[in-house]
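Student: Using this note's numbering, the first residue of the sequence shown is number 33, and each one after it goes up by one. Beta carbons are placed, not taken as given, at the ideal position from N, Cα and C, and that holds for glycine. The structure is given below, and queries will be raised subsequently.
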Amino acid sequence: MKNTRTFLKLCFFTFSLIFISCRTPTKINGGVVSAMPYASEVGVKILEKGGNAFDAMVATNFALAVVYPVAGNITGGGFFVYRNADGSSGTLDYREQAPEKAHKDLYLDEAGNVIQDKSTVGGLAVGVPGTVAGTLEIHQKLGTMPMHELIQPAIYLAENGYAVTEKQARSFNTYREQFIEVNGADTFYAHEFKAGDILKNPPLAKVLREIATNGIEGFNSGWVAEAMVSGVQKSGGILTQKDLVNYKPKWRDPLTFYYKDLKVISMGLPSSGGICLNQMMKMIEPYDIQGMGHNSQKSIQLMIEAERRSYADRSEFLGDPDFVKVPLNILLDSVYISSKMNNFDWNRATPSSEIKPGESYFFESDETTHFSILDDQGNAVSVTTTLNGAFGSKVFIDELGVFMNNEMDDFSSKPGVPNMFGLIGNLANAIEPKKRMLSSMTPTIIEKKGELFLILGSPGGSTIITSVFQTILNVYEHKLSIQQSVDASRFHHQWLPDSITFEPNKFDPKLLHNLNDIGYNSEEKKSKIIGKVDAILVDDDGIITLGADYRGDDTAKAY
Ligand code: GLY
33 MKNTRTFLKL CFFTFSLIFI SCRTPTKING GVVSAMPYAS EVGVKILEKG GNAFDAMVAT
93 NFALAVVYPV AGNITGGGFF VYRNADGSSG TLDYREQAPE KAHKDLYLDE AGNVIQDKST
153 VGGLAVGVPG TVAGTLEIHQ KLGTMPMHEL IQPAIYLAEN GYAVTEKQAR SFNTYREQFI
213 EVNGADTFYA HEFKAGDILK NPPLAKVLRE IATNGIEGFN SGWVAEAMVS GVQKSGGILT
273 QKDLVNYKPK WRDPLTFYYK DLKVISMGLP SSGGICLNQM MKMIEPYDIQ GMGHNSQKSI
333 QLMIEAERRS YADRSEFLGD PDFVKVPLNI LLDSVYISSK MNNFDWNRAT PSSEIKPGES
393 YFFESDETTH FSILDDQGNA VSVTTTLNGA FGSKVFIDEL GVFMNNEMDD FSSKPGVPNM
453 FGLIGNLANA IEPKKRMLSS MTPTIIEKKG ELFLILGSPG GSTIITSVFQ TILNVYEHKL
513 SIQQSVDASR FHHQWLPDSI TFEPNKFDPK LLHNLNDIGY NSEEKKSKII GKVDAILVDD
573 DGIITLGADY RGDDTAKAY
């Protein structure tokens with residue numbers, strides 16, 4: 033009897049195990065992947081309530097402004113790429129622009145030299161913010177739920193607080209001295225933080241309420257605008273209320289191109305993202321990158337050479353299309369793109385000096401944030417938004433609870449001459465009043481055989497484009513899962529400096545040695561991460577999987 037019972041128990045246990053291991057993964061309807069768990073949770077709650085991906089975008093965006101002040105914002109700018117369930121798509125450019133009082137010599141001294149830090153720290157670094165105007169525009173055109181319901185979760189988080197993560201505490205503490213230097217010893221972020229601290233921001237809750245009640249006027253007029261303009265000007269800036277009122281987001285055609293059976297829908301100018309992605313993918317298309325293997329020496333060489341060539345073009349030709357004539361018909365021409373690889377040689381790195389003389393260059397910092405959303409109807413959203421540097425200009429407006437951006441540094445401070453980073457700027461991206469500074473943000477949506485396939489993007493300054501490029505190939509060519517694809521080790525080349533940056537301790541030293549032997553300068557930067565990709569994949573069977581990059585606090589929430 034005892035033996036029979038034991039036998040039955042064993043059978044039950046075995047069958048349970050077989051059942052658990054064989055069952056298909058729970059099918060999900062969609063989800064939100066963003067830089068912070070709170071923000072992803074907010075977005076998914078909106079989807080669960082019946083909101084669409086655009087409603088979730090609005091709610092997630094405002095939540096990030098509260099719980100991710102390093103890059104989430106209402107005082108920066110961004111790009112929004114969407115694809116409706118019916119396959120139609122579009123983009124919104126809510127990039128910051130130069131204040132009306134800006135001019136091309138804004139960051140030069142009387143001798144014509146670039147003044148250290150002027151375009152990165154303090155009020156003069158601040159561009160006219162576009163995030164609120166952009167988010168409200170998206171809501172008006174594509175949203176379904178009332179704005180006050182979408183903004184309420186962010187207000188709640190600002191009033192009741194959120195738990196600071198380990199990584200956040202480290203980041204707040206790293207910049208503490210600079211916050212004090214710019215804003216004084218009483219500034220909100222002047223104290224030390226530790227993981228688990230509950231951070232409340234009642235002034236920001238008040239601003240969000242004002243926006244919920246009065247729309248864009250709640251941001252660009254009245255007490256919010258007065259406090260913002262006065263804070264920026266006190267810190268040496270030139271932002272005016274007229275700048276805020278005159279700011280308008282712009283709907284633009286997406287930058288689309290084909291790679292094998294994929295249709296890539298990405299951001300065009302004033303982002304360089306879509307253009308460079310287009311060039312790089314077309315440069316590698318004729319090669320059997322799948323056969324070379326993931327992160328093999330050959331695949332790295334091929335991708336590096338494509339990156340190098342595309343970033344050289346970026347530096348020379350790209351800028352705000354409303355101000356400069358960009359020769360897109362040439363840059364995206366298939367014959368031109370393939371001719372760029374004519375001097376590619378497997379046995380020798382192409383020195384960047386052979387690609388193009390160093391007449392121009394750019395610098396961007398690493399702090400930005402990306403989120404991807406998919407709803408149960410099949411509407412897809414890809415958003416990258418930024419203050420530029422970590423906590424932007426470090427100018428903190430206490431009455432509003434916000435950091436101001438330092439996006440002006442994405443312009444070339446002095447065309448043709450090395451800037452404060454030892455890099456060289458270019459004319460297409462020179463400062464002009466109301467012009468939008470060139471960006472690398474690459475929010476992207478991809479179709480495969482006409483069906484939604486991939487939603488992705490990344491922060492990472494100039495490394496954004498290469499991070500998106502590599503992640504697409506990881507999924508499509510190397511057949512990695514979405515989580516493996518966003519986590520996979522990355523490398524980066526941007527033409528100048530003529531060196532490959534590898535994420536530290538992730539690549540076989542022998543591989544780096546072999547590359548050095550044929551003329552590639554490689555460096556593994558300490559604590560340098562390359563991109564933080566948040567992505568959603570819909571596979572050939574319609575199964576949805578989410579990938580949140582392990583490099584940050586990034587979190588995927590499904591529903
Ligand atoms: N500030 C980063 C970018 O726009 O590329």
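Ignoring anything shorter than 4 residues or poking outside the segment 76-124, list the alpha helix (DSSP H) runs there in chain order.
Tutor: DSSP runs (the alpha helix (DSSP H)) wholly in the segment 76-124: 85-99.
Student: Taking 7 Å as the cut-off, does the CB of E128 come closer than this to any heavy atom belonging to the ligand GLY?
Tutor: Checking every heavy atom of the ligand GLY against the Cβ of E128, none is found closer than 7 Å.
Student: Does DSSP classify T577 as helix, strand or coil?
Tutor: It is a strand residue.
Student: My understanding is that Y126 touches G162, with C-beta atoms under 8 Å, so please give their C-beta distance in whole angstroms.
Tutor: About 4 Å; that satisfies the 8 Å criterion.
Student: Can you list, in chain order, the residues of its chain with a C-beta nearer than 6 Å to that of A422? Leave out the 5 residues immediately preceding and following it.
Tutor: Once the five neighbours on either side are set aside, the close Cβ partners of A422 are V102, E399.
Student: Pull up the distance between the alpha-carbon of E339 and that of P234, whole angstroms please.
Tutor: Looking at the two C-alpha atoms, the distance is approximately 45 Å.
Student: Taking only the alpha-carbon atoms, compute the straight-line gap between D519 and A567 and give it to the nearest angstrom.
Tutor: When rounded, the distance between both Cα atoms is 11 Å.
Student: Residues in its own chain within less than 7 Å of L240 by CB, not counting five upstream and five downstream?
Tutor: Hits under 7 Å: F94, I183, A186, I187, A190.
Student: Can you find a heavy atom of the ligand GLY that lies under 7 Å from the Cβ of M299?
Tutor: For the ligand GLY, not one heavy atom lies less than 7 Å from the Cβ of M299.
Student: In the DSSP assignment, the alpha helix (DSSP H) including V296 goes from what residue to what residue?
Tutor: No alpha helix (DSSP H) contains V296, which is instead part of the beta strand (DSSP E) from 294-298.
Student: Between the Cα of N310 and those of Q273, I332, I504, K136, spot the shortest distance and give me the residue it belongs to.
Tutor: Of the candidates Q273, I332, I504, K136, the one whose C-alpha sits nearest the C-alpha of N310 is I504.
Student: With distance defined between alpha-carbon atoms, name the residue in G269, Q322, F534 nearest to K150.
Tutor: Ranking the options by Cα distance to K150, first place goes to G269.
Student: Do M436 and M469 count as a contact pair if the criterion is CB distance below 8 Å?
Tutor: No, Cβ-Cβ distance for M469 and M436 is not below 8 Å.
Student: Start and end of the alpha helix (DSSP H) containing L276?
Tutor: It spans 273-278 - the alpha helix (DSSP H) in which L276 sits, taken as one unbroken run.
Student: Mark D23 as exposed unless 16 or more other C-beta atoms lie within 10 angstroms of its C-beta, in which case mark it buried.
Tutor: Given that the chain is displayed from residue 33 to residue 591, the structure contains no residue 23 and the question cannot be resolved.
Student: Given that a residue counts as buried once 16 or more other Cβ atoms are within 10 Å of its Cβ, and exposed if not, what is H171?
Tutor: Classification of H171: buried, given that the 10 Å Cβ count is 16 or more.
Student: Output the distance between the C-alpha atoms of T577 and E128, rounded to the nearest integer angstrom.
Tutor: One C-alpha to the other measures close to 33 Å.
Student: Please name the residue, chosen from Y114, C308, K238, N116, that lies closest to T498 on a Cα-to-Cα basis.
Tutor: Closest option to T498, Cα to Cα, is C308.
Student: Could you give the distance in angstroms between the alpha-carbon of P529 and the alpha-carbon of T176?
Tutor: Between P529 and T176, the C-alpha separation is close to 47 Å.
Student: Unbroken alpha helix (DSSP H) runs of length 4 or more, entirely within the segment 200-281: which are they?
Tutor: List check, alpha helix (DSSP H) in window: 234-246, 249-252, 254-266, 273-278.
Student: Evaluate the contact criterion for the segment 269-283 versus the segment 321-341: three or more CB pairs, one atom per stretch, below 8 Å.
Tutor: As far as the Cβ criterion goes, the segment 269-283 does not touch the segment 321-341, which means the pair count is below three.
Student: Among the residues of its own chain, which have a CB less than 7 Å from the CB of A381, if the five just before and after it don't count?
Tutor: Answer for A381: I550, G551, Y552, listed in chain order.
Student: Which residues bound the beta strand (DSSP E) around K480?
Tutor: Note, K480: beta strand (DSSP E), 476-480.
Student: Shortest alpha-carbon distance to S471 belongs to which of V415, K481, S304, N192?
Tutor: Of V415, K481, S304, N192, the residue nearest in Cα terms is S304.
Student: Output the distance between the C-alpha atoms of R208 and E431, rounded to the nearest integer angstrom.
Tutor: Between R208 and E431, the C-alpha separation is close to 19 Å.
Student: Tell me whether the beta-carbon of G489 lies closer than 8 Å to the beta-carbon of T587.
Tutor: Result no, Cβ atoms of G489 and T587 do not sit closer than 8 Å.
Student: Where does K426 sit, in a helix, a strand or coil, going by DSSP?
Tutor: The answer is coil: DSSP assigns K426 none of H, G, I, E or B.
Student: Note down, one range per segment and in chain order, each alpha helix (DSSP H) of at least 4 residues found wholly within the segment 328-353.
Tutor: If we require 4 residues or more, the alpha helix (DSSP H) runs fully inside the segment 328-353 come out as 329-349.
Student: Residue range of the alpha helix (DSSP H) that F501 falls in?
Tutor: 496-508 is the span of the alpha helix (DSSP H), which, as asked, contains F501.
Student: Is the segment 310-320 close to the segment 280-294, with three or more CB pairs under 8 Å?
Tutor: These segments touch.
Student: Whole-angstrom Cβ separation of L419 and T219, contact assumed at under 8 Å?
Tutor: So it is not a contact: roughly 16 Å between Cβ atoms.
Student: Taking I321 as the reference, which of T123, F501, A201 has the closest Cα?
Tutor: Considering only alpha carbons, the answer is F501.
Student: Which one or two residues does DSSP pair with S404 in a beta bridge?
Tutor: V65, S414.
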